[in-house]
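Below you'll find the structure, written out as structure tokens, and then a few comments.
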Amino acid sequence: MSFITTIPQGLQNTLQFSLRDKREVFGYRTQRLRRALCLLTSVLTCGLLQLVFYWRPQWGVWASCLQCPLKEADTVLLRTTDEFQRYMRKKVFCLYLSTLKFPISKNPEEPLVADRHSVINQAVMKPELKLRCIQVQKLRYVWVNLEKRFQKVGLLEDSNSCYDIHHTFGLGLTSEEQEVRRLVCGPNTIEVEIQPIWKLLVKQVLNPFYVFQAFTLTLWLSQGYIEYSVAIIILTVMSIVLSVYDLRQQSVKLHNLVEEHNKVQVTIMVKDKGLQELESRLLVPGDILILPGKFSLPCDAVLIEGSCVVNEGMLTGESIPVTKTPLPQMENTMPWKSHSLEDYRKHVLFCGTEVILVKPSGQGPVRAVVLQTGYNTAKGDLVRSILYPRPLNFKLYSDAFKFMVFLACLGVVGFFYALGVYMYHEVPPKDTATMALILLTVTVPPVLPAALTMGIVYAQKRLKKKEIFCISPQRINMCGQINLVCFDKTGTLTEDGLDLWGTVPTADNCFQKIHSFVSGKALPWGPLCAAMASCHSLILLDGTIQGDPLDLKMFEGTAWKMEERNVDSCKFGLSASNITIKPGPKASQSPVEAITILRQFPFSSSLQRMSVIAQLAGEDHCHVYMKGAPEMVAKFCRSDTVPRNFPQELRNYTVQGFRVIALAHKALKMKKLSEVEHLAREKVESELTFLGLLIMENRLKKETKPVLKELREAHIRTVMITGDNLQTAITVAKNSEMIPPGSQVIIVEANEPDEFVPASVTWQLVENQETGPGKNEISINIGKGSGPDGERQSCYHFAMSGKSYQVIFQHFNSLLPKILVNGTIFARMSPGQKSSLVEEFQKLNYYVGMCGDGANDCGALKMAHAGISLSEQEASVASPFTSKIANIECVPHLIREGRAALVSSFGVFKYLTMYGIIQFIGTSLLYWQLQLFGNYQYLMQDVAITLMVCLTMSSTHAYPKLAPYRPAGQLLSPPLLLSVFLNSCFSCIVQISAFLCVKQQPWYCEAYRYSECFLANQSNFSINGSSERNWPGNATLTPGSILSFESTTLWPITTLNCITVAFIFSKGKPFRKPIYTNYIFSFLLISALGLTIFIMFSNFQDIYHGMEFIPTVTYWRVLIFVAALTQFCVAFFVEDAILQNRELWLLIKKEFGFHSKSQYRAWQKKLAEDSTWPPTNRTDYSGDGKNGFYINRGYASPEQVPKKQLGLGDPTTEQHFWTRL
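Remember, our numbering sits 2 above the position in the sequence shown when you count from 1.
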């Protein structure tokens, strides 16, 4: 539940929306005079002030409002607690209960709703009968004056006990209470608005960079620089249209996905009025929902009467029927979730899941109390995670923003330099301002967004050819930094489900001959066959058998069939007594015509077993059948029935990576059949006869092992996050070599605190058996063995369940990063835990990829830096990437393309930075004598070189092999900064030298002072002769004049410099193919070079006149070319041999003691020096100071866990860098 922590002043609170989203809330009251002044200023500035307030909403609040206590506020300002301190402005609105059609009591002592725990009773202000509310990210919060905080509505409070839920809500709500709750909580809908195109367009156009670009292009157009400006406008429009189209498609897709949720017809029970049908949008927390049969749940609800079978595929990704049982009626006052700890979920029906079968208790229909509605539900939370993804950290965009600021500052320096020069020469103010603004815009290239976008478009196109589709193109660059990939197991690493391999029956205390299912022979009748046919939790639904895939495979192996009995299912009060199992046509001959399951003791991961009581047709007694983990089943069997070589036989199969299930049986004699219902599980599961082993295999997809090997060789860490069993996950990890041979596996098991026992963590080492002859796989037996300390220290992997993860997260917070840096297997993870785990990895500064195929992976797919869905269903909506080929080969493809795109982005950015600086230096030198490059001179550089080169530089394909290291992830790294700085220095030296040298030539004259006279006599000028220094007439400076020896000299130097840096910054291997494989780019570069040299050395009068050059002597042109060539050679050597020399930089880092700032690197170094780590075969308790971890005293619910952990990294945002201005 969300909460507010009150600050004494009453001006500020802390509001926590979810486990991962915490915001500070500030109260403000609008002041009319301030607001009027803001509106007046906006009008006077032609809307510029409003634009600034749009970019910075907090400035608008500060300008028009005064801070005040939250209880008096009409506006609230919400600020995130991350390093970026992002703000959001929300209006406080009021709801008036007086608008309802029935009278409301104004007596403060009289509650409005029967629920004594309800926030509504505390929030309604009497006698006004109003509530003050804010709506944030689809959730509604009401102000509770008594507690001085905002609280979330739309759910039943967790403080309700089992007794409260049964007795307060058991008969339904009154019509009046329903109306009150509907007004306060809002409709039970998950509505995703399809964003209008005009709104998306406005949001794109108001991007700060595009606003600056519009200013730049307007200025250039006014100066007659039309061709390049039009080209940039066309590119910008195309870029905006593509962005709007992508956003609109995502909006429509998500809207269509959730729309059906809002159109469900439901039956509810109204107090004193009976049953009533209505639309699901009218449901409120506390309503009694009647479950008729097959039904899509429109809300979260807790079952209070009867039981049902639900398909929770939306949550878990596994379409396995789950049986839900009613909440017990208990007299204590404990919160209802506390009585069964993590098992409370077995009573809860989640929104978006499908009820596939209901089982009334005999006392009426199956009933459930509505717990949460709208966006408070499980499905609502999933949709919110898609609509409002948590911002991600990517250094490229934040660094690029800083670079942009630097270039803008350089432009500002140029602006004042130009002002000074032109004012000194007493140029008219209009011309001075124009020329100064032109120099201001030179440094920030307007082609930058188009150039960076093109790199992503090329990568997207190449991914599309590999059947990988992207809905969040900005994440492609992030893929280049991925150093950890999380994989779901079932359907991702392995084929869906398990396959039968064989059975190993026992007789006379010995294992018998293996029965292989591959042979196609029917399983012979016997107790083992009867156990396989009856010991399961399968159900019959519309003639189709449904249930756990393991149970289903096992049952199919018997070739028996399941039928419904025509008997009252409640005859003995037995949940499964209406199912009869009979031999199928392909089954082996059996003396038994049918088996009836009388009672089930369901499987529990903590018990590692399940059992059933069944009756064979024609017999007056019953049989008990058990299946489960072999070691566990053997404990319940008589020792004389368990073969002596049981451990060796079991090891023989587990070494080969098989999943092994043991079965057992005993006859159960009873006087009356009705006694079955009252038998204790402990009595039933004792003195059993061991029947044998069932061998199953979970086959890896053929692509899994090679891909994991490729990632391992590239030093990319792999982790498994699955909803499946821990033991199975360890087996798959070893078979796939995610855990390399010879590595130690330590199972981390954590337990919640009990009444007298604190929370605990047990570390259990998994025995690492030697592989047998011809075997390539490793066993997963859990035992007390331990490898040598050296081995454990060098290569060990932690494995844990979701339950253990949650306990560690809550009670051993400081221990979590220590586990995560070596945690490889996370099993039985819920969707929320998957998202949380991905976030915790990110806090350790990992760049996380997530690959999964189920809807239960949606949150993690969205949370990861790069989520890759192998499904076209819900996960594909949440996931930035979707692969149509359902195997993990897409992961290295994506990383390769990400690395190529990232390197291309760096290359383009470096080039455009240098291009701006080169032009800035040349233009500044010409400004010294009030000159400018000509339009066609600029056009040649801008269109023929920069525009064409930038649009094709990024089309170089990715290198086919993954390098064992990543490209640099930040622009502000020493190699890149040095590259830009040194190239700027080289360019500055050459241009200034040329500028000064040309003035010393014997044929030089100040042509710019006599431009008119010079133009008139240019046709008679001898290109090999010399000119007089002194020209007749009055020598006057002409602002903006072009013709001069200086511009004729500087233009080829700057142009050749642009071409050479484009070549230098287009490095190929190890992340991209060589430059010559990019045919279009190579052709354009060679063409630009050829054209520039042709213009330099040609003697055509038309070219000189069009380009506004003055002919010079040949040796001077050769000298210019040699200077440019020398600059290229020096720059190429410095870039390739020094700045891009990885070994040299590693040596420098080592010599000067530089270490990675990543949290995971720091933890790895720290743990490597700790002789007591990793712990094995011991138990630690919370509060045990010597082990360095403590109880988190502030913990109250999963949403209230403090997030700071040992200086972990902070999140940043994923967005175009120019939106950060």
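All C-beta atoms in this analysis are idealised placements derived from N, C-alpha and C, irrespective of residue type, glycine included.
- Of the other Cβ atoms in all chains shown, fewer than 16 fall within 10 Å of the Cβ of Phe1085; this residue is therefore exposed.
- Taking C-beta atoms under 8 angstroms as the contact rule, Arg830 and Lys805 qualify, at a distance of about 7 angstroms.
- When secondary structure is reduced to three states using DSSP, Arg1144 falls in the helix class.
- Leu277: member of the beta strand (DSSP E) spanning Gly276 to Glu281, first to last residue.
- The criterion of a C-beta distance shorter than 8 angstroms is not satisfied by Cys860 and Thr948.
- Taken through DSSP and simplified to helix, strand or coil, Pro585 comes out as strand.
- For Ser66 against Gln87, the beta-carbon gap comes to about 20 angstroms, at or over 8 angstroms, which does not count as contact.
- Listed in chain order, the beta strand (DSSP E) runs fully inside the region 322-361 are 323-326 and 356-361, counting runs of at least 3 residues.
- Cβ contact annotation for Ala233 (same chain, cutoff 7 angstroms, sequence separation greater than five): Val945 and Leu949, in chain order.
- Here His168 has Ile306, Leu329 and Gln331 as same chain residues with Cβ atoms under 8 angstroms from its own Cβ, once five neighbours each way along the sequence are excluded.
- Judged by beta-carbon spacing, Gln252 lies beyond the 8 angstroms limit of Thr238, meaning their Cβ atoms are not closer than that value.
- In the pairwise beta carbon analysis, the region 694-714 is classified as not touching the region 806-813: fewer than three pairs are separated by under 8 angstroms.
- Collapsing the DSSP output to three states places Leu973 in coil.
- For the options Phe28, Ala862 and Met127, the alpha carbon positioned closest to that of Ser838 is the one of Ala862.
- For Gly918, the uninterrupted alpha helix (DSSP H) run begins and ends at Cys892 to Tyr929, by DSSP.
- Val662: not part of any alpha helix (DSSP H); member of the beta strand (DSSP E) spanning Arg661 to Leu670, first to last residue.
- Between Thr724 and Thr492 the beta-carbon gap is near 7 angstroms, inside 8 angstroms, which marks them as a contact.
- With a 10 Å radius around the Cβ and a threshold of 16 neighbouring Cβ atoms, Glu739 comes out buried.
- For the set Ser1100, Gln1103, His895 and Trp930, the Cα lying nearest the Cα of Phe1073 is the one of His895.
- Ser906 places its beta carbon less than 8 angstroms from that of Ser956.
- Looking from the CA of Leu439, the closest CA among Ser926, Ser1068 and Val1132 belongs to Ser926.
- Here the alpha carbon of Gly366 sits roughly 11 angstroms from the alpha carbon of Leu293.
- Excluding residues up to 5 positions away in sequence, Gln610 and Arg611 lie with their Cβ nearer than 6 angstroms to the Cβ of Gly630 in the same chain.
- Secondary structure of Asp510 (DSSP, three-state): coil.
- Of the residues Phe1065, Glu754 and Glu1153, the one whose Cα lies closest to the Cα of Asp1182 is Glu754.
- In the structure shown, the three-state DSSP call for His263 is helix.
- Secondary structure at Thr32: strand, using DSSP grouped into helix, strand and coil.
- Rounded to whole angstroms, the separation of the alpha carbons of Thr826 and Ile897 is 20 angstroms.
- The residue from Leu652, Pro362 and Pro593 with its alpha-carbon nearest to that of Ile663 is Leu652.
- A distance below 6 angstroms between beta-carbons, with the five flanking residues on each side excluded, links Phe1130 to the following residues of its chain, in chain order: Thr1062.
- Listed in chain order, the non-local C-beta contacts of Thr915 below 6 angstroms within the same chain comprise Val982, local neighbours out to five positions each way being set aside.
- Cβ atoms of Thr77 and Val94 come within 8 angstroms of each other, at about 7 angstroms.
- Separation of the CB atoms of Gln1142 and Thr1056 is rounded to 24 angstroms, and the pair is thereby denied contact status at 8 angstroms.
- Counted as a single uninterrupted DSSP element, the alpha helix (DSSP H) harbouring Thr1051 occupies residues Phe1047 to Ile1066.
- Per the coordinates, the alpha-carbon of Leu389 lies some 34 angstroms from the alpha-carbon of Ala735.
- Contact between Val138 and Lys205 is ruled out by a C-beta separation of about 19 angstroms, above the 8 angstroms threshold.
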